[in-house]
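Colleague:
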Amino acid sequence: MADMDRNRRMVAIAKQNLIESGEREQLIQLLRTRLLECGWRDQVVMQCKDVVRDVGVENITLDKLIAEVTPKARQSVPDSVKRELLQKIKTSVSNQSSFSTSPFNHN
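Residue 178 in our numbering sits at position 25 of the sequence shown, with consecutive numbering throughout.
In structure tokens, the structure reads:
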């Protein structure tokens, strides 16, 4: 339990450092670029259109659409994109001087 709390604190600190350094925005932009390059965004748009067609435009709400599409969209992010982003995060975290023993450094 103590290890879990420690890991959560470390993750929170790492996230804050990424935000403060501006690296978080760079990572978000990289993710957007990679998702566009691989056609993921177009796939999600098609999933949205399919859900609206199946449920009916009169019966769909934004919350329903998000609930329906989000799990599929997350699963369809290519592994290569996930790996690249994770590697960038690991590199950033390992470069932070306060993280000499980061939970992200386990291979």
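From the three backbone atoms N, C-alpha and C, an ideal C-beta is built for every residue, glycine too.
(1) Please return the same chain residues whose Cβ sits closer than 8 Å to the Cβ of E237, not counting the five positions on each side in sequence.
(2) How about S247 and Q196: are their beta carbons less than 8 Å apart?
(3) Do V208 and V222 have their C-beta atoms closer together than 8 Å?
(4) Quick one: using the 10 Å Cβ neighbour count with 16 as the cut-off for buried, is S174 buried or exposed?
(5) Go ahead and pull the three-state DSSP assignment for R181.
Modeller: Answer, in terms of the structure:
(1) Translated into positions along the sequence shown, residue 237 becomes position 84. Counting only Cβ-Cβ distances below 8 Å, and skipping sequence neighbours, we find L183 and R187.
(2) Translated into positions along the sequence shown, residue 247 becomes position 94. Translated into positions along the sequence shown, residue 196 becomes position 43. No, Cβ-Cβ distance for S247 and Q196 is not below 8 Å.
(3) Indexing the sequence shown from 1 puts residue 208 at position 55. Indexing the sequence shown from 1 puts residue 222 at position 69. Judged by beta-carbon spacing, V222 lies beyond the 8 Å limit of V208, meaning their Cβ atoms are not closer than that value.
(4) Sequence index remark: in the sequence shown, residue 174 carries index 21 (1-based). Label assigned to S174: exposed.
(5) Looking up residue 181 in the sequence shown gives position 28. According to the sequence as given, residue 181 is Ile; it is not Arg. If DSSP states are grouped into helix, strand and coil, I181 belongs with the helices.
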